[in-house]
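Trainee: Got a structure for you, written out below as structure tokens; questions coming shortly.
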Amino acid sequence: IKLSNLLNIFVGFDQKEAIAYHTFVQSIIEKSSIPISITPLAENNLDEYSEEHTDGTNKFTYSRFLVPYLMNFKGWAIFADGDMVCLSDIKMLKSFFDPKIAVSVVKHDYKTKHKKKYFGQKNEDYPRKNWSSMIIWNCEHPKNKILTPSFISQKEGSFLHRFKWLDDKEIGELPKTWNWLAIEYDAKNKLDLIHYTLGTPCFKDYANTALSKFWKKSFNNLLTGKDD
1 IKLSNLLNIF VGFDQKEAIA YHTFVQSIIE KSSIPISITP LAENNLDEYS EEHTDGTNKF
61 TYSRFLVPYL MNFKGWAIFA DGDMVCLSDI KMLKSFFDPK IAVSVVKHDY KTKHKKKYFG
121 QKNEDYPRKN WSSMIIWNCE HPKNKILTPS FISQKEGSFL HRFKWLDDKE IGELPKTWNW
181 LAIEYDAKNK LDLIHYTLGT PCFKDYANTA LSKFWKKSFN NLLTGKDD
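Residue numbers (the numbering used here): 1 to 228.
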């Protein structure tokens, strides 16, 4: 085991979706062939960051932009929302590490099919929707060094989630299979990471929706101790 191969992963944590977080982590561990370090972005753990925003649908809406800061602006890291399940070896994302690129994301371009999501929250369309739900961070890229706790707490969501501190050429593109939006996109089997953006199958309204079987498999492994 070479710790130089260690991949740092930050996962959004919200207590109301704690089951989703642990299921996602289970799925990452099951598939990974390299050592990984998984850090929950839980609001109560971020002692140097005070949340000033009053919008957002979960507790990590803005803390995801702290990742370079938490990494001391060194190396690479991955951020992902907690309402996902990983179907491929997370090591594969290392092939997209490019020192010229500040972040890499799936560049979704879609209009939602559903105006409501879990807990009846509004599901509005806006530019670059869901781009920030899974990010490869080049933590030492010069442009990312602006992302301090005070800077993030003062900036609007539209600025941060649309990566407005970067030039477009500094935003790399990942294959859509690495952030496949369940229900919004057609169901298919050969996927790398599924994002249950409308509602994780842990909620009864989404328990039997498209692609829920993959989430349920990892959830079952979490409960039973099986590894596949």
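All C-beta atoms in this analysis are idealised placements derived from N, C-alpha and C, irrespective of residue type, glycine included.
Rounding to the nearest angstrom, what Cα-Cα distance links L193 and P175 in this structure?
Mentor: Walking along the sequence shown from the start, residue 193 turns up at place 193. Walking along the sequence shown from the start, residue 175 turns up at place 175. Spanning the two alpha carbons is a distance of roughly 10 Å.
Trainee: Span of the beta strand (DSSP E) holding G157?
Mentor: On the sequence shown, residue 157 is found 157 positions in, with the first residue counted as 1. Segment 157-161 is the alpha helix (DSSP H) holding G157; no beta strand (DSSP E) there.
Trainee: Starting from L193, trace the beta strand (DSSP E) in both directions and tell me its first and last residue.
Mentor: Reading the sequence shown from its first residue, position 193 is the one you call residue 193. First-last of the beta strand (DSSP E) with L193: 193-195.
Trainee: Would W137 and P68 be called neighbours here (beta carbons separated by less than 8 Å)?
Mentor: Translated into the one-based positions of the sequence shown, residue 137 becomes position 137. Translated into the one-based positions of the sequence shown, residue 68 becomes position 68. Yes, these two residues count as a Cβ contact at 8 Å.
Trainee: Determine whether the beta carbon atoms of I152 and V103 lie at a separation below 8 Å.
Mentor: Residue numbering aside, residue 152 sits at position 152 when the sequence shown is read from its first letter. Residue numbering aside, residue 103 sits at position 103 when the sequence shown is read from its first letter. Their beta carbons are not under 8 Å apart, which means I152 does not touch V103 by this criterion.
Trainee: With the cut-off set at 8 Å, would you say T200 and E17 are in Cβ contact?
Mentor: Reading the sequence shown from its first residue, position 200 is the one you call residue 200. Reading the sequence shown from its first residue, position 17 is the one you call residue 17. In contact: T200 and E17 (Cβ atoms closer than 8 Å).
Trainee: Quick one: what does DSSP say F60 is sitting in, helix, strand or coil?
Mentor: Counted from its first residue, the sequence shown places residue 60 at position 60. Coil at F60, not helix or strand.
Trainee: Please classify F97: does DSSP put it in a helix, a strand, or coil?
Mentor: Here residue 97 corresponds to residue number 97 of the sequence shown, with the count starting at 1. DSSP places F97 in coil when its eight states are reduced to three.
Trainee: Would you tell me roughly how many angstroms separate the C-alpha atoms of D125 and G82, rounded to the nearest one?
Mentor: Within the sequence shown, residue 125 is the residue found at index 125, counting from 1. Within the sequence shown, residue 82 is the residue found at index 82, counting from 1. Approximately 21 Å, taken between the alpha carbons.
Trainee: Starting from W76, follow the beta strand (DSSP E) in both directions and report where the run begins and ends.
Mentor: One-based indexing of the sequence shown puts residue 76 at position 76. First-last of the beta strand (DSSP E) with W76: 76-80.
Trainee: When the Cα atoms are used, what is the spatial distance from L160 to S150?
Mentor: Along the sequence shown, one-based indexing puts residue 160 at 160. Along the sequence shown, one-based indexing puts residue 150 at 150. Whole-angstrom Cα-Cα distance: 13 Å.
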